[in-house]
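Novice: In this text, residue positions in the sequence shown follow the numbering used here: the first is 27, and each later residue adds one.
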Amino acid sequence: MQVLAGKTQNEIETLVTEALNTPPFRGRQVAQALYKRFVRDFEEMTDLPKDIRARLVEMFQLTPCRVMRTDSAPDGTTKYLLSLPDEEVMEAVFLPYAGRTSVCISSQVGCPMACSFCATGTEGLARNLTAGEIVDQVLCLQSLHPDRRISHVVLMGMGEPLLNLPEVLKAIRLLNEEVGISLRHITVSTVGVVPNIYKLAEEDMPITLAVSLHAPNDALRSELVPLNEKYPIERLMQACRDYVAKTRRRITFEYVLMAGVNDTEKEAHELGALLRREPLVSVNTIPYNTTDVASLYRRPSPEATRQFREIVASYGVVITQRQEKGHRIAAACGQLKRSALKPGSAMRPLPMFIASQNTPLESVSAV
Ligand code: SAH
Numbered sequence: 027m028q029v030l031a032g033k034t035q036n037e038i039e040t041l042v043t044e045a046l047n048t049p050p051f052r053g054r055q056v057a058q059a060l061y062k063r064f065v066r067d068f069e070e071m072t073d074l075p076k077d078i079r080a081r082l083v084e085m086f087q088l089t090p091c092r093v094m095r096t097d098s099a100p101d102g103t104t105k106y107l108l109s110l111p112d113e114e115v116m117e118a119v120f121l122p123y124a125g126r127t128s129v130c131i132s133s134q135v136g137c138p139m140a141c142s143f144c145a146t147g148t149e150g151l152a153r154n155l156t157a158g159e160i161v162d163q164v165l166c167l168q169s170l171h172p173d174r175r176i177s178h179v180v181l182m183g184m185g186e187p188l189l190n191l192p193e194v195l196k197a198i199r200l201l202n203e204e205v206g207i208s209l210r211h212i213t214v215s216t217v218g219v220v221p222n223i224y225k226l227a228e229e230d231m232p233i234t235l236a237v238s239l240h241a242p243n244d245a246l247r248s249e250l251v252p253l254n255e256k257y258p259i260e261r262l263m264q265a266c267r268d269y270v271a272k273t274r275r276r277i278t279f280e281y282v283l284m285a286g287v288n289d290t291e292k293e294a295h296e297l298g299a300l301l302r303r304e305p306l307v308s309v310n311t312i313p314y315n316t317t318d319v320a321s322l323y324r325r326p327s328p329e330a331t332r333q334f335r336e337i338v339a340s341y342g343v344v345i346t347q348r349q350e351k352g353h354r355i356a357a358a359c360g361q362l363k364r365s366a367l368k369p370g371s372a373m374r375p376l377p378m379f380i381a382s383q384n385t386p387l388e389s390v391s392a393v
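1. Suppose you measure from the CA of THR43 to the CA of PRO50; what does that come to, to the nearest Å?
2. Measuring alpha carbon to alpha carbon, tell me which residue in ILE233, GLN264, ALA265, VAL237 is nearest GLU280.
3. Taking 7 angstroms as the cut-off, is the beta-carbon of HIS211 closer than that to any non-hydrogen atom of the ligand SAH?
4. State yes or no: is the C-beta of ILE345 nearer than 7 angstroms to some heavy atom of the ligand NAD?
5. Taking ARG92 as part of the alpha helix (DSSP H), name the residues at either end of that continuous run.
6. Using CA coordinates, which residue listed in ILE176, VAL135, CYS130, LEU151 is at the minimum distance from ALA124?
7. Determine which residues share a DSSP beta bridge with SER308 and list them.
8. Hey, quick one: how far does the beta strand (DSSP E) through MET116 stretch, first residue to last?
9. Taking 8 angstroms as the cut-off, decide whether the C-beta atoms of MET232 and LEU200 are in contact.
10. Taking all protein chains shown into account, decide if SER382 is buried (16 or more other Cβ within 10 angstroms of its Cβ) or exposed.
11. Are the segment 155-174 and the segment 110-130 in contact at 8 angstroms, needing three or more beta carbon pairs?
12. Buried or exposed for VAL83, going by 16 or more other Cβ atoms inside 10 Å?
13. Report yes if the C-beta distance between LEU323 and VAL270 is below 8 angstroms; otherwise report no.
14. To the nearest angstrom, how far is the alpha carbon of ASN384 from that of ALA145?
15. Within 8 angstroms, do at least three Cβ pairs link the segment 152-161 to the segment 210-224?
16. So, using beta-carbon positions, are CYS166 and THR89 closer together than 8 angstroms?
17. Helix, strand or coil for LYS33 per DSSP?
18. Give the DSSP-derived three-state secondary structure of SER169 in the structure shown.
19. Distance, Cα to Cα, GLU203 vs ASP289?
20. Based on the DSSP output, what are the partners of CYS130 in its beta bridges?
21. Mind checking whether the beta-carbon of THR317 lies closer than 7 angstroms to any heavy atom of the ligand SAH?
22. For a test of your reading of the model: does the CB of GLU280 fall under 7 angstroms from any non-hydrogen atom of the ligand SAH? Yes or no.
23. Taking the beta carbon of THR72 as the centre, do at least 16 other beta carbons fall within 10 Å, making it buried, or is it exposed?
24. Is THR72 helix, strand or coil when you go by DSSP?
25. The beta strand (DSSP E) with ILE212 in it runs from where to where?
26. Give the C-beta separation of ALA118 and VAL135 to the nearest angstrom, bearing in mind that I take them to be a contact with Cβ-Cβ under 8 angstroms.
27. For ARG52, which three-state DSSP category applies?
28. Identify which residue in ARG348, VAL29, ARG274 has its Cα closest to the Cα of GLU395.
29. For GLY136, does the three-state DSSP call read helix, strand or coil?
30. Which same chain residues end up closer than 6 angstroms to MET116 when comparing Cβ atoms and leaving out the 5 residues on each side of it in sequence?
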């Protein structure tokens, strides 16, 4: 059955008009209910006659995502495990801040990049998400939080967005044109797929690019991010320079701080030296979010974090600390899915509460 989420208003108009033999405005009503009022069910489109609703139910599926599990923190951060029509599962996080509301969404089910510290990396790639499945994460979370209008979207959930670029671009356009989210409020985070950074630059969209750097030298980065073997730091930096030159948009380098691994004075000096002459870049540090995957990694102390940041800043590099949200819930990439679907945990209600008891602060948030 055709899924309507992921199609433009014009496409929905054409599909509905042809399938039901109704005037075009009926299709427009469906598209607006979906993208403007975040309706999840044809039956709730009460501005349509009953018989049209019944035929729509027979002929189309409105949205692909269904909520499987949810976990909220006292600050309102809510993590959702969403299931898809083929029973695959992915994560999305709702992040209410003072003055803006952000969602962190997935671009793939699983991820092929196998970063050593990341929970999603351990499961490999199941499949790419379609544009409809990417957009529907925002629609679904917006429908569940009608009191807060989602203003920012970050593609920092499961998956590598630049390995699913055509669907990610289509989803970004839909979020902008149909849902009304500003391109400047959409962030794409990549581990550094160099050729696709160039492709993204060609689109010349005023979105924000975030690059997961995590280490200032190739030996360490290759240990943490296997893709670095293919696209080492100098190539990545050149791609970033070219991206900035073409788009005039700032790039944020994400740096997950792991105690004793990449947070010592040595790495801080190297990072400062690496970035000091780069125009329009900044660093965003994220304290490591403990997972059960890579128990060898630890979160640094606040003192170590402060020292790291001071050293990098002394090179004139802009460095910010990610505002942490969602204490207690396992909100880092892949964690909710892992804890919820762990063998033996399926019968427990909301097992992520239990699994995340030892998890200190959280690290998922908007850039
Ligand atoms: N593949 C993309 C986007 C998904 S991951 C990328 O790598 O950028 C989003 C961010 O979360 C990345 O910077 C990733 O390195 C980071 N991350 C993954 N696991 C984490 C953890 N346990 N604690 C903190 N950050 C983590």
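Every residue gets a Cβ at the ideal spot worked out from N, C-alpha and C, and that includes glycine. None of the values given here were measured: they were computed from a predicted structure.
Specialist: Taking the structure as given:
1. 6 angstroms
2. VAL237
3. no
4. Absence of the ligand NAD is noted for the structure shown, with the ligand SAH being the only ligands found.
5. Careful: ARG92 lies outside any alpha helix (DSSP H), inside the beta strand (DSSP E) at 92-98.
6. ILE176
7. THR278, VAL344
8. 115-123
9. One detail in the question is off: residue 232 reads as Pro in this sequence, not Met. Not in contact: PRO232 and LEU200 (Cβ atoms no closer than 8 angstroms).
10. For SER382, the pLDDT reaches just 28, beneath the cut-off of 50, and the residue's location in the model is therefore unreliable, although a value from the coordinates is still provided. Buried, since its Cβ has 16 or more Cβ neighbours within 10 Å.
11. yes
12. exposed
13. The sequence given here has Tyr at residue 323, not Leu. The answer is no: Cβ separation not under 8 angstroms.
14. Its pLDDT being 24, under 50, ASN384 is placed unreliably by the model, and nothing is read from it.
15. no
16. yes
17. strand
18. helix
19. 41 angstroms
20. VAL119, VAL180
21. yes
22. yes
23. exposed
24. coil
25. 212-216
26. So it is not a contact: roughly 12 angstroms between Cβ atoms.
27. helix
28. It is not possible to answer for residue 395, since the shown part of the chain is limited to 27 through 393.
29. strand
30. LEU108, SER132, VAL135, MET184
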